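K.L.:
Before I ask anything, let me first share the structure, which is written out below as structure tokens.
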Amino acid sequence: MYSFRILSVSSPGVSIAGTGGAARTLARTLNKDLGNYVSKSKHRAKLGFFGVLPDFQDLNGTLTEIDYLYQEQRLCNGVTVFTSYGGKLLGHPDFAPIWARFQKYKALIFLHPSVLDVEPHLIGPAIPQPVIDYPLATTRAATDLVMTGRLQACPDIDIILSHAGGAVPYVGSRAINALAIPSIAKVANVNLVQAKKDFARFYYDVALSTSAAQLDGLLDFAASDKILFGSDFPYAPQYGIDAVLLEYNKYVNTNSRGSQVAPQVLRQNSIKLLNKHSQFRQYG
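Position 197, counted from 1, in the sequence shown is what UniProt numbering calls 197; the numbers after and before it change by one each time, with no gaps.
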């Protein structure tokens, strides 16, 4: 069966180099390296990548890199965006020009959590941020994009939420229904009907999110054609991924809804989405 891999740079991204020239240089270097690899490697027919962007606080640097990826290099399948920058969620007015540029290129966005400035950093005290706080960061960012009207203003982009959308399948309807409260509705930039439509646009990967409770919740909230495979490799160790795959296979083979997220379904969903946004090749 045809298989392929999409490469990406995960959290903390090039923000680790700051918001100036060093981060811009690092983003460009990574994009060139990724572009060369997926276009010239002996495995190139099975590879793609999500472009790397500077910290959104560097507005001009981010816009320049988006233009490079979509006007000059023209190899990426989409771009990776993190859930917040400098304490600002993605719908913040400062980032509006970036979203307008994404809309111009009809970009595919891979939304991944970033480090949160919360205390204590460890829960329990052994659980690190990626286990609990990262899924909640995704939930906040996705909800912010809907409620600020940023997603509505970008009808031609698609967004993939990591880790089954965090808590979005569980609290998304709570956020939507909050718009029935007059005090909330009058300051939100969308109404209840529009918010429901916008939440329905998200795609979801199932990286580290394959328990029956997670997959049932996801299928209750999202259409099955919005669900994609994800692994979190190599950040997640192989033994952890193996355990997740055991859960996934059990769900597919024993749950009455398993056929809706079977490997061939997730693969076809991914192919359709990637081909919609591909600049370089079509997958099949």
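Beta carbons are placed, not taken as given, at the ideal position from N, Cα and C, and that holds for glycine. It should be emphasised that the depicted structure is a prediction, and the values quoted were computed from it without experimental measurement.
1) What residue ranges within the region 198-271 form continuous alpha helix (DSSP H) runs of no fewer than 4 residues, ordered along the chain?
2) Tell me the rounded alpha-carbon separation between Ala23 and Ala180.
3) If you compare alpha carbons, which of Val118, Asp205, Ala167, Arg150 is closest to Leu161?
4) Rank Asp94, Gly78, Pro97, Gln268 by C-alpha distance to the C-alpha of Gly51 and give the top, closest one.
5) Could you check if Ser183 is buried or exposed, using at least 16 other CB atoms within 10 Å of its CB as the buried criterion?
6) Where does Leu26 fall in DSSP's three states?
7) Measure the C-alpha to C-alpha separation of Val265 and Gly258 and round it to an integer number of angstroms.
8) Take Tyr170 and list the residues in its own chain whose beta-carbon comes closer than 7 Å to its own, dropping the five residues that flank it on each side.
9) Do Ala27 and Val14 count as a contact pair if the criterion is CB distance below 8 Å?
10) Since Lys88 sits in a beta bridge, which residues does DSSP pair it with?
11) Are the CB atoms of Ile98 and Ile159 within a distance shorter than 8 Å?
12) Fully enclosed by the region 146-203, which beta strand (DSSP E) runs are 3 residues long or longer?
13) Are the CB atoms of Ser224 and Glu247 within a distance shorter than 8 Å?
14) To the nearest angstrom, how far is the alpha carbon of Val252 from that of Gln260?
15) Quick test of your reading: Gly165 and Phe202, contact by CB under 8 Å. State the CB separation rounded to the nearest angstrom.
16) According to DSSP, what are the bridge partners of Thr80?
17) When DSSP labels each residue in this structure, what does Leu53 get in the three-state scheme?
18) With a threshold of 7 Å on Cβ separation, who are the neighbours of Gln129 within its own chain once the five nearest residues in sequence on each side are excluded?
19) Taking Arg101 as part of the alpha helix (DSSP H), name the residues at either end of that continuous run.
20) Tell me whether Gly48 sits in a helix, a strand or coil according to DSSP, three-state version.
21) Would you list the residues sitting across from Ile127 in a DSSP beta bridge?
22) What number of angstroms, rounded off, separates the C-alpha of Thr62 from the C-alpha of Lys250?
23) Given this structure, state the Cα-to-Cα distance separating Ser173 from Leu59, to the nearest angstrom.
24) Give me the Cα-Cα distance between Ala45 and Ser270, rounded to the nearest whole angstrom.
25) Buried or exposed, going by whether 16 or more other CB atoms sit within 10 Å of the CB of Asp242?
P.N.:
Judging by the given coordinates:
1) 212-221, 238-254
2) Your numbering for residue 23 matches position 23 in the sequence shown. Your numbering for residue 180 matches position 180 in the sequence shown. About 43 Å.
3) As a working note, residue 161 is residue 161 in the sequence shown. Comparing Cα-Cα distances from Leu161 to each of Val118, Asp205, Ala167, Arg150, the minimum goes to Asp205.
4) Mapped onto the sequence shown, residue 51 falls at position 51. Ranking the options by Cα distance to Gly51, first place goes to Gly78.
5) Residue 183 sits at position 183 when you count from the first residue of the sequence shown. Burial call: exposed.
6) Counting from 1 along the sequence shown, the entry for residue 26 is found at position 26. Helix.
7) Here the question's residue 265 lines up with position 265 in the sequence shown. Here the question's residue 258 lines up with position 258 in the sequence shown. Cα to Cα, the separation comes out at about 10 Å.
8) For the purposes of this step, residue 170 is taken as residue 170 along the sequence shown, with counting starting at 1. Answer for Tyr170: Gly217, listed in chain order.
9) Taking the first residue of the sequence shown as position 1, residue 14 is located at position 14. Taking the first residue of the sequence shown as position 1, residue 27 is located at position 27. Result yes, Cβ atoms of Val14 and Ala27 sit closer than 8 Å.
10) As a working mapping, residue 88 is identified with position 88 in the sequence shown. Per DSSP, Tyr85.
11) What you label residue 159 is simply residue 159 of the sequence shown in a count that begins at 1. What you label residue 98 is simply residue 98 of the sequence shown in a count that begins at 1. No, they are not a contact pair.
12) 158-161
13) For the purposes of this step, residue 247 is taken as residue 247 along the sequence shown, with counting starting at 1. For the purposes of this step, residue 224 is taken as residue 224 along the sequence shown, with counting starting at 1. Going by C-beta atoms, Glu247 is not nearer than 8 Å to Ser224.
14) By one-based count along the sequence shown, residue 252 stands at place 252. By one-based count along the sequence shown, residue 260 stands at place 260. The straight-line gap from Cα to Cα measures roughly 8 Å.
15) Indexing the sequence shown from 1 puts residue 165 at position 165. Indexing the sequence shown from 1 puts residue 202 at position 202. Going by Cβ atoms, the distance from Gly165 to Phe202 rounds to 6 Å, so yes, they are a contact pair.
16) For the purposes of this step, residue 80 is taken as the residue at position 80 of the sequence shown. Phe110, per the DSSP bridge assignment.
17) For the purposes of this step, residue 53 is taken as the residue at position 53 of the sequence shown. Of the three classes helix, strand and coil, the one that applies to Leu53 here is coil, per DSSP.
18) Numbered from its first residue, the sequence shown carries residue 129 at position 129. Counting only Cβ-Cβ distances below 7 Å, and skipping sequence neighbours, we find Val115, Leu116, His121.
19) Taking the first residue of the sequence shown as 1, we reach residue 101 at position 101. Note, Arg101: alpha helix (DSSP H), 96-105.
20) Residue numbering aside, residue 48 sits at position 48 when the sequence shown is read from its first letter. Gly48 falls in the strand class under three-state DSSP.
21) As a position in the sequence shown, residue 127 is number 127, starting the count at 1. DSSP lists Ile123 as partners of Ile127.
22) In the sequence shown, the residue the question calls residue 62 occupies position 62. In the sequence shown, the residue the question calls residue 250 occupies position 250. Those two C-alpha atoms are separated by around 42 Å.
23) Taking the sequence shown and counting its residues from 1, the one referred to as residue 173 is at position 173. Taking the sequence shown and counting its residues from 1, the one referred to as residue 59 is at position 59. So the two alpha carbons sit approximately 33 Å from each other.
24) Walking along the sequence shown from the start, residue 45 turns up at place 45. Walking along the sequence shown from the start, residue 270 turns up at place 270. Answer to the nearest angstrom: the Cα atoms are 15 Å apart.
25) By 1-based counting over the sequence shown, the position of residue 242 is 242. By the neighbour-count rule (16 or more Cβ atoms within 10 Å), Asp242 is not buried but exposed.
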